[in-house]
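Residue numbers for the sequence shown, in mature numbering (1 follows the signal peptide of the UniProt record, and there is no 0): -19 to -1, 1 to 331. Where a beta carbon is used, it is the ideal one built from N, C-alpha and C, also for glycine.
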Amino acid sequence: MKVAILGAGAIGPAAAALAASRGHAVVLWSPSGRGTAGMAGFIEAEGALAGRFPLHVAARLEEALDGATVALLAVPAYAHEALLPRLAAAIPPGLPLLIAPAAALSPLVFEVLRRSLGPRAPVGGMATTPTTARRLAPGRVRIPAIRAAVDLAALPAAAAPPLAALATALFGHDCPVAPDVLHPALANANPIIHAVLALANVTRIERAETWPQYALMTEASARLMQALEAEREALAAAWGLAVLSLAESLHRASGVPRAPLPAMGLAIDAGGRSVAGPAAMDTRYVTEDVPFGLAFYLWLAARRGVAMPRTAAVVAVLETLWGRDLRANPLLATLEGLDLAAALREGLDR
């Protein structure tokens, strides 16, 4: 297949390398152009996937989409407000789009933006990204782990099985079919794990220290993670869903045996699959995972009368530490007034 990878931070190039390693033709596009600056027709990968893999760098979005079989959007959720309208105007109606991860119901936002088109390809929402990744240089990426499985849902919901098969063909991992795109929006473990790690290590982040994030998944931080996990589980149940545990998510991401979270963190670190924690206050662990993760949970909870006091407290403390509003999520305004249950099941004006 020909796959258009939209986004060239760390995940986009890693996904490009993975798809190319499986024989697919890959086109990589950067919304700003900065992510592909210095690339010369290939991406080098190290870690769980090693080698040099061909790709084509597209200067324009329309060039990236031309002739593609499928597109993958792999940009931070805070970039969706600007990028989703641009993509909705450019993408051919028959081209399926996968969004990884499907943060804060972004597939449904994309559906709203395209509802006037009538018949069109389905939109897929993935619970997380195909790999973990760190960008090392313009043409080089480190891939600590390739995920064993990534839950996937679609709009309309009935279109999920063929999209799951498409994602498996692209990236090789299993794609368990989720009931609707709210499921992957809740299933990603990063908002809980990252927010707690940032809270517990804020002084290290502020002083730009190097610290091994999984080795510092201590008993105390794990207790807070599990408290937030319990509230997320209750929220999912209120919407008729069941999501993976944090332990299961770590197992899928890293391959270490299921165990208490501190033991899994140490196993990930000992196996050489750990990554350094953030070393700057503008980290996505807070600027993305709180507004489009924890604060999104609170938005959903208010609509079903679910109490999430610890989640609300963590958001409030992080807002104080970071000195900024972490509840503002412009995507959610697009969804006001929708019958969410019906839209998640059927899509809009199809």
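Under 7 angstroms between C-beta atoms of residue i and residue j
| i | j | result |
| --- | --- | --- |
| Leu98 | Pro66 | no |
| residue 340 | Ala176 | Residue 340 lies beyond the residue range present for the chain, which begins at -19 and ends at 331; the question has no answer from this structure. |
| Val51 | Leu9 | no |
| Leu225 | Ala168 | yes |
| Val90 | Ala108 | no |
| Phe34 | Ser11 | no |
| Leu36 | Glu92 | no |
| Val56 | Leu78 | no |
| Asp155 | Ala138 | no |
| Ile24 | Ala(-4) | yes |
| Ala31 | Pro165 | no |
| Ala219 | Arg285 | yes |
| Val267 | Leu319 | no |
| Pro311 | Glu62 | yes |
Spatial neighbours of residue i in its chain, beta-carbon cut-off 7 angstroms, leaving aside the 5 residues before and after
| i | result |
| --- | --- |
| Leu313 | Ala85 and Trp280 |
| Arg291 | Ala208, Leu209 and Glu212 |
| Tyr195 | Gly246, Ile249, Asp250 and Ser255 |
| Ser235 | Ala126, Ile249 and Arg254 |
| Glu187 | Met262 |
| Tyr278 | Arg213, Leu216, Met289 and Thr292 |
| Val183 | Leu302 |
| Ser46 | Here residue 46 is Leu; the residue named in the question, Ser, does not match the sequence. Cβ within range, chain order: Ala(-16), Ala52, Ala71, Ile72, Pro73 and Leu76. |
| Ala69 | Phe91, Leu94 and Arg95 |
| Trp192 | Asn182, Arg185, Ala257 and Gly258 |
| Ala(-1) | Val(-17), Val7, Leu151 and Phe152 |
| Thr199 | Pro243 |
| Glu269 | Pro57, Ala58 and Tyr59 |
| Leu64 | Pro12 and Val56 |
| Thr315 | Val90 and Val93 |
| Leu163 | Leu86, Trp220, Leu222 and Leu325 |
| Arg204 | none |
| Arg233 | Arg128, Ala129 and Ala130 |
| Thr264 | Ala179 and Ile186 |
Per-residue DSSP class, three states only, for residue i
| i | result |
| --- | --- |
| Gly106 | strand |
| His37 | strand |
| Val131 | coil |
| Val158 | strand |
| Trp10 | strand |
| Val224 | coil |
| Glu229 | helix |
| Arg96 | helix |
| Thr149 | helix |
| Pro243 | helix |
| Gly16 | coil |
| Arg115 | strand |
| Pro193 | strand |
| Arg331 | coil |
| Ala176 | helix |
| Gly120 | coil |
| Glu317 | coil |
| Val267 | helix |
| Gly(-8) | helix |
| Ala(-3) | helix |
| Gly32 | strand |
| Ile249 | helix |
| Leu46 | helix |
| Val295 | helix |
| Val183 | helix |
Whole-Å CB distance - residue i paired with residue j, under 8 angstroms assumed
| i | j | result |
| --- | --- | --- |
| Ala129 | Ala29 | No, Ala129 and Ala29 are not in contact; Cβ-Cβ is about 11 angstroms, not under 8 angstroms. |
| Ala189 | Ala248 | That pair is no contact at about 27 angstroms. |
| Gly(-11) | Gly16 | 6 angstroms |
| Ala179 | Ala159 | At roughly 27 angstroms, the Cβ-Cβ gap does not stay under 8 angstroms, so Ala179 and Ala159 are not in contact. |
| Val271 | Leu307 | 4 angstroms |
| Ser230 | Ala170 | 4 angstroms |
| Leu54 | Ile80 | 5 angstroms |
| Ala26 | Gly120 | The Cβ separation is near 10 angstroms, so there is no contact. |
Chain-order list of residues whose beta-carbon lies under 6 angstroms from that of residue i (same chain, five-residue window excluded)
| i | result |
| --- | --- |
| Ala(-6) | Thr112, Ala114, Val122 and Ile124 |
| Ala181 | Ser202 |
| Ala282 | Leu216 and Met289 |
| Ala228 | Arg239 |
| Ala145 | Leu133, Cys156 and Val158 |
| Gly252 | none |
| Val237 | Met245, Ala248 and Ile249 |
| Gly106 | Ile80, Ala83, Pro88, Ala134, Val162 and Pro165 |
Same chain, Cβ closer than 8 angstroms to residue i, five either side skipped, listed in chain order
| i | result |
| --- | --- |
| Ile173 | Met206, Leu209, Glu210, Arg213, Leu227, Gly274 and Leu275 |
| Gly14 | Ala40 |
| Pro142 | Val158 |
Next on the checklist: For the pair the region 323 to 331 and the region 287 to 301, tell me if three or more CB-CB distances fall below 8 angstroms.
Outcome noted: no
Checklist entry - Is the region -17 to -1 touching the region 112 to 122, taking contact as three or more C-beta pairs under 8 angstroms? => result yes
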